[in-house]
Amino acid sequence: MNRTKLVFLSGILFAAAAHAQQPATASDVVDRAIARENALLAVLQTTTPVAETYIQDLVPDNDFGTVPAGDRYFIGRVDLSHGLSQTSYLPKGSNGSRLDLFSRFFTIRYLPKGFAQMMLIDGVHFDRQHYDFAFQRREFLGDVRTMVFAVSPRKGSGAGSFDGNIWIEDRNDNIVRFNGTYTGSSSSNLFLHFDSWRVNAGPDLWLPFEVYSQESHLTDFMKMHTAHFKALTKFWGYGGSAEREGGDFTSLTIQTEDVQDHSQQAADPSPVESLRAWQRLSEDNILERLEQAGLISKTGGMDKVLDTVVNNIEVTNDLNIAPEVRVRVLLTTPLESFTIGHTIVISRGMLDTLPDEAALAAVLTHELAHIALGHATSTDFAFSDRLHFDDARIIARFRLARTPAEEDAANEKAIQLLGNSPYKDKLGQAGLYLQALSNESSRLPSLIRPLFGDRLVDGHNIMRMAALMETAPQLQITRVDQIAALPLGSRSRVDPWTDDLEMIVMRPVALVSPSEKMPFEITPIYLHLTYQDSHPSQVAQTRPVEPGN
Ligand SMILES: [Zn+2]
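Shown next, in the form of structure tokens:
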């Protein structure tokens, strides 16, 4: 790379960046990026993030280009402390599509190292001995200025080496995105193409966040099978164990003070209050256990939005429920909602795909109806020892589904509650959502199979508030101005370190063709990257020691 030319380019494109610091040469940037990448690997080896992979098999379609024709789902913990290993959260044999990240799945043997590997460029030897780097261009990814380099493995680097582009942010030279594949596919190692993104989760910390993959004509070496699919892998829950270790003492102190305050003021609880406290204890224990497993969001901005919707229903129906109703978000993709005591839980996949606030209100009202009708959650988990089990068993352990009789009663009650609510004249979209769900149910069984709660669809039969479909308009899947369900990932963004969930506001975009509707579908990733720290000078102080050139 010509040094003079690079400085000139940066002067033209990034005049605002003219600060006292000497502009780095491309070679310096690469050296520091390699050092940062290996520092990240060391950090990742101390964490066990949650990894979720959702795959949609595709077939060609005249109206939509492609449509999903099947799907697969995996969720578990990834452990990088000794190479790469994973623990599945899915109960063994619970469904036919249990996906092992590291061994055979589908009918093609093409993912021995799996989707989780795509969080790393090269977990073994990312250095100048094994790779050549060529500067390509500068590019903004959101608010983050990056330098783009082509990376190619040198001769003898071995199978599984990265080949593609990397994006290096220019503040601390962390790699924030890489896009390409691993080289050296063979009959036992068939590597996929992927676009892997990271997000800033603290000073100088860029964590693997989402990986998009797609293949349209992937064949195995015997030419026996062809795969056509898209897949999204998400990582979060990095801070889980660290948060617990660091946070225990603080929360203990607060709780102790809290208890003392109450004991001074209040008389002994009545029998009913004792029962409620016991129920709440079991409820809180389940929620805390789900939080420890990285399955439920920490309270964030999203909870307040959801609380507001529930409050709208309660106020207009004169419901005074004690203890108060809370809403939390399950961080997983399969569509479901359920209650734990007086806590309503809705999955991120459901939240993302609901078309509007009234449709969200309809989902939450069904759960509120369970609470208003006094449908109880088992208080078995008020005994602490019952929370002592491996994360791998969590989905098998917490059965939170309702009986058919409770479901029917809640559906009926919910329609009544909605009739008094501010959403009563806006429920057409909710009915359309259910129609769309029924329409896709046979093609997306993994998306529709709940992890904890009740099925929304059985066969093509909508099990949840089917009455809403009667008053809804006819579903017209090729009309671009009728949006029954949104693509996955439309509404929320999780902080992968803290598990806080925030709402994201999308710009409304007029659709050109039905192929852009993508109801319930995975879409490519294009993140608007930002620095979490708003004080650049503080970040600059954490700049790593530059390796000698
Ligand atoms: Zn229900």
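Under the numbering used here, think of the first position of the sequence shown as -11, with each following residue one higher.
Here a beta-carbon is modelled for each residue, glycine too, at the ideal position from N, C-alpha and C.
The stretch 462 to 486 contains, as complete beta strand (DSSP E) runs of 3+ residues, the segments 480 to 482 (chain order). Judged by the Cβ position, residue 142 fails to qualify as a neighbour of ligand 1 at the 7 Å threshold, every heavy atom of the ligand being at least this far. For residue 293, same chain residues with a beta-carbon under 6 Å away, outside a window of 5 residues either side, are 491 in chain order. Of the residues assessed, residue 494 falls on the exposed side of the cut-off, its CB having fewer than 16 other CB atoms within 10 angstroms. At least one heavy atom of ligand 1 sits closer than 7 Å to the Cβ of residue 390.
Judged by DSSP secondary structure, residue 296 falls within the alpha helix (DSSP H) whose first and last residues are 289 to 304. Taking the C-beta atoms as reference points, residue 510 is found nearer than 8 Å to residue 476.
The DSSP-derived three-state label of residue 495 is coil. Contact annotation: the stretch 381 to 399 does not touch the stretch 421 to 436, with fewer than three C-beta pairs closer than 8 Å. DSSP places residue 313 outside both helix and strand once states are collapsed to three, so it counts as coil.
With a cutoff of 8 Å on beta-carbon distance, residue 359 and residue 316 are scored as not near each other. Short note on residue 291: C-beta not closer than 7 Å to any heavy atom of ligand 1. Ranking 484, 405, 411, 390 by CA distance to the CA of residue 440 puts 390 first.
A distance criterion of 7 Å places the beta-carbon of residue 398 in contact range of ligand 1, judged by its closest non-hydrogen atom.
Annotation for residue 395 indicates a beta carbon within 7 Å of some heavy atom of ligand 1.
Annotated as proximal: residue 288 and residue 489, with beta-carbon spacing under 8 Å.
Residues of the same chain with a CB within less than 6 Å of the CB of residue 471, apart from the 5 flanking positions on each side, are 343 in chain order. For residue 330, the Cβ stays outside the 7 Å cut-off from all heavy atoms of ligand 1. Under the three-state reduction of DSSP output, residue 372 falls in the helix class. For ligand 1, no non-hydrogen atom lies closer than 7 Å to the CB of residue 469. With distances taken between CA atoms, residue 33 lies nearest to 107 out of 107, 103, 393. Taking C-beta atoms under 8 Å as the contact rule, residue 139 and residue 170 fail to qualify, at a distance of about 12 Å. Burial is judged here by how many other beta carbons sit within 10 angstroms of a residue's own beta carbon; residue 48 has fewer than 16 and is exposed. The beta carbon of residue 512 sits closer than 6 Å to those of 200, all from its chain and outside the five residues before and after it, given in chain order. In the three-state reduction of the DSSP assignment, residue 404 falls in the helix class.
Distance between residue 393 and residue 327, taken at the CA atoms: about 16 Å. Beta-bridge partners of residue 181 (DSSP): 169. DSSP lists no bridge partner for residue 226. For residue 59, the enclosing beta strand (DSSP E) stretches over residues 53 to 67. Cβ neighbours of residue 418 within its own chain (closer than 7 Å, five residues either side excluded): 346, 347, 350, 456. In the DSSP annotation of this structure, residue 106 is not part of any beta strand (DSSP E), being labelled neither H nor E.
Boundaries of the beta strand (DSSP E) harbouring residue 46: 38 to 49, taken from the DSSP string. Under DSSP, residue 194 takes part in a beta bridge, and its partners are 188. Non-local C-beta neighbours of residue 122 in its own chain, meaning closer than 6 Å and more than five positions away in sequence, comprise 138, ordered along the chain. When only Cα atoms are considered, residue 388 and residue 375 end up about 15 Å apart. Looking only at 273, 280, 310, 141, the smallest Cα-Cα distance to residue 371 is reached by 273.
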